[in-house]
Structure formats: C-alpha cells, structure tokens
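All remarks here apply to the structure that follows.
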Amino acid sequence: MANIKSAKKRTKVIAKKTANNRIRKSIIKTAERRFFEAIEAGDKELALERFKVAEKAIDKAASKNVLHKNAAARKVSRLAKQLNA
C-alpha cells in the first residue's frame, strides 16, 4: 500500500478510470451483440439502427482514449461490412 499522499490519490484516480473504461467497453460489446442479433434475424432496418448506436459508442470510446482510433475505425469498418453483406 502506498504511503505518499499523491500515490494514494493516483490509486483512487486509476480505480475510477478503470471502472469508466470497463463500462465503456461493456457498452460497445452490448451494442455489437445487439447489432449481430439484428443481422442474424435478417431485419435490415433494425440492423441499420443498431449499427448507428454501435458506431456512436465506438467513436465515443475512441475519443476518450478507451480504444485506439485505428482499432475503433477497424471495428466500425467490420460492422459496416457485415451490414452491407
């Protein structure tokens, strides 16, 4: 355990950031899962709506540095490819 006040503060800050990152990643995974469910069902309109939600979640995570911008672009590209197939 840290003895220095600034180190104690850093552990608290890191814990908060880790929790936020976990939440954002969970939101992305849920959005992707719902998108794939719509694709499996064959509902094009629902899939398009869910794609927009997933894309927004991924872009937001990239802007907050939860995901690298290239990783986010790759994920969105793969989702778009599935949508158009």
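By the count of our numbering, the sequence shown reaches residue 95 at its end, each step adding exactly one.
Think of the CB as a built atom: it goes at the ideal place given N, C-alpha and C, for glycine as much as any other residue.
Predicted model only: the values in this text are computed from it and were never measured.
Q. Just reading off the alpha helix (DSSP H) that N13 is part of, what are its end residues?
A. Per DSSP, N13 belongs to no alpha helix (DSSP H) and is neither H nor E.
Q. Secondary structure at K74, three-state DSSP: helix, strand or coil?
A. coil
(Q) Assuming K35 and V76 are in contact, meaning their beta carbons sit under 8 angstroms apart, how far apart are those beta carbons, in whole angstroms? (A) 6 angstroms
Q) A17 and F45 look like a contact to me (Cβ under 8 angstroms); what is the Cβ gap, rounded to whole Å? A) Not a contact, Cβ separation roughly 42 angstroms.
Q) Got a sec? Which residues, its chain only, sit under 8 angstroms from A82 by beta carbon, not counting five neighbours each side? A) I68, D69, A71, A72
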